[in-house]
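Scroll down for the structure; my scribbles are underneath it.
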Ligand code: 3PG
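Below you can see the structure in the form of structure tokens.
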């Protein structure tokens with residue numbers, strides 16, 4: 262799958278809702294009810310980070326939830342890309358971009374949201390054909406003001422910023438013309454997961470969905 266084809270699919274996924282939940286699954290038993298709760302609240306695109314031993318099994322379980330579009334985050338190696346695809350991930354997210362990761366996504370047909378944080382990194386990805394990118398770590402790398410400035414010379418690149426974003430500052434990003442959606446972990450807080458408080462997760466998801474009418 263070419264970078265341009267990947268970005269077209271990423272564009273569709275990023276347009277599903279204003280927020281992509283960034284999920285850390287510690288217990289496999291959470292996976293399905295958590296995905297159901299988020300989808301019920303209006304957030305269908307889900308990023309499961311490959312940071313826990315059960316992450317790939319969690320993707321497998323979540324991929325069966327009706328209405329969900331489950332992706333794998335924290336892709337760091339070609340092996341991660343292959344395993345994510347095999348687990349049923351519909352898209353991938355990486356904090357940065359290396360040639361090995363990009364080549365693996367082309368080879369395994371996984372639409373990637375590649376991470377970038379500087380004008381040069383964004384331009385290198387654009388040269389390859391990636392018009393949809395993750396901006397990471399968003400708040401620490403300059404936040405909404407930075408992305409607004411990047412949009413002047415590079416309006417053709419659209420972003421999903423992630424890192425330090427919550428309900429409080431999400432609109433600073435979503436109100437910009439070059440932002441498709443934001444990513445954030447606040448809609449799947451550890452405490453709610455530990456208690457199995459799926460109603461709270463659905464409430465947070467619905468609140469996040471409401472950021473864009
Ligand atoms: C991450 O990779 O952890 C994401 O950027 C989520 O960041 P957040 O926890 O600040 O939303």
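In the numbering used here, the protein residues as written are 262 to 474. We treat Cβ as the ideally placed atom computed from N, Cα and C, and that holds for glycine.
Legend entry - Span separating the alpha-carbon of residue 404 from that of residue 411: So the two alpha carbons sit approximately 11 Å from each other.
Legend entry - Rounded straight-line distance, which links the Cα of residue 320 to that of residue 298: Our two residues, residue 298 and residue 320, have alpha carbons roughly 15 Å apart in a direct line.
Inset, instruction - Say yes only if the C-beta of residue 410 is nearer than 6 Å to one or more non-hydrogen atoms of ligand 1, and no if none qualify. - result: Not so, every heavy atom of ligand 1 lies at least 6 Å from the Cβ.
Legend entry - Among 336, 420, 398, the one whose alpha carbon lies nearest that of residue 363: Of the listed residues, the one whose Cα sits closest to residue 363 is 336.
Legend entry - residue 436 CB to nearest heavy atom of ligand 1 below 6 Å: No; taking the cut-off as 6 Å, the Cβ of residue 436 has no heavy atom of ligand 1 nearer than that.
Inset, instruction - Pick helix, strand or coil for residue 395, following the three-state DSSP scheme. - result: DSSP places residue 395 in strand when its eight states are reduced to three.
Inset, instruction - Determine the DSSP secondary structure at residue 419, reduced to helix, strand or coil. - result: It is a strand residue.
Legend entry - alpha helix (DSSP H) runs contained entirely in the segment 320-359, provided each spans 4 or more residues: Counting only runs of 4+ residues, the alpha helix (DSSP H) found wholly inside the segment 320-359 occupies 339-348, in chain order.
Legend entry - Contacting residues, own chain, Cβ-Cβ under 6 Å from residue 370 (five flanking each side not counted): Excluding residues within five positions, the ones whose Cβ falls inside 6 Å are 262.
Legend entry - heavy atom of ligand 1 below 6 Å from residue 328 C-beta: Checking the Cβ of residue 328 against ligand 1 gives no.
Inset, instruction - Taking only the alpha-carbon atoms, compute the straight-line gap between residue 346 and residue 368 and give it to the nearest angstrom. - result: Whole-angstrom Cα-Cα distance: 11 Å.
Inset, instruction - State the Cα-Cα distance for the pair residue 288 and residue 436, rounded to the nearest angstrom. - result: If you take the alpha carbons of residue 288 and residue 436, they lie about 35 Å apart.
Legend entry - Span separating the alpha-carbon of residue 305 from that of residue 420: Computed Cα separation, rounded: 18 Å.
Inset, instruction - From the DSSP output, in three-state form, read off residue 411 for me. - result: It is helical.
Legend entry - Where residue 423 falls, given that 16 or more other Cβ within 10 Å makes a residue buried: Taking all protein chains shown into account, residue 423 has 16 or more neighbouring C-beta atoms within 10 Å of its C-beta and is therefore buried.
Inset, instruction - Please say whether residue 329 and residue 350 have beta carbons closer to each other than 7 Å? - result: Here residue 350 is not near residue 329, since their CB atoms are 7 Å or more apart.
Legend entry - Nearest neighbour of residue 342, chosen from 310, 325, 326 [CA to CA]: Residue 310 is the option with its Cα nearest to residue 342.
Inset, instruction - Could you tell me the boundaries of the beta strand (DSSP E) in which residue 282 lies? - result: Where residue 282 is concerned, the enclosing beta strand (DSSP E) starts and stops at 280-284.
Legend entry - Sequence-ordered residues whose beta carbon comes within less than 5 Å of a heavy atom of ligand 1: Cβ atoms closer than 5 Å to ligand 1 belong to 283, 423, 424, 425, 445, 446.
Legend entry - Rounded straight-line distance, which links the Cα of residue 291 to that of residue 457: Each residue's alpha carbon lies about 7 Å from the other.
Inset, instruction - With residue 308 as the anchor, note down where its beta strand (DSSP E) starts and where it stops. - result: It spans 306-310 - the beta strand (DSSP E) in which residue 308 sits, taken as one unbroken run.
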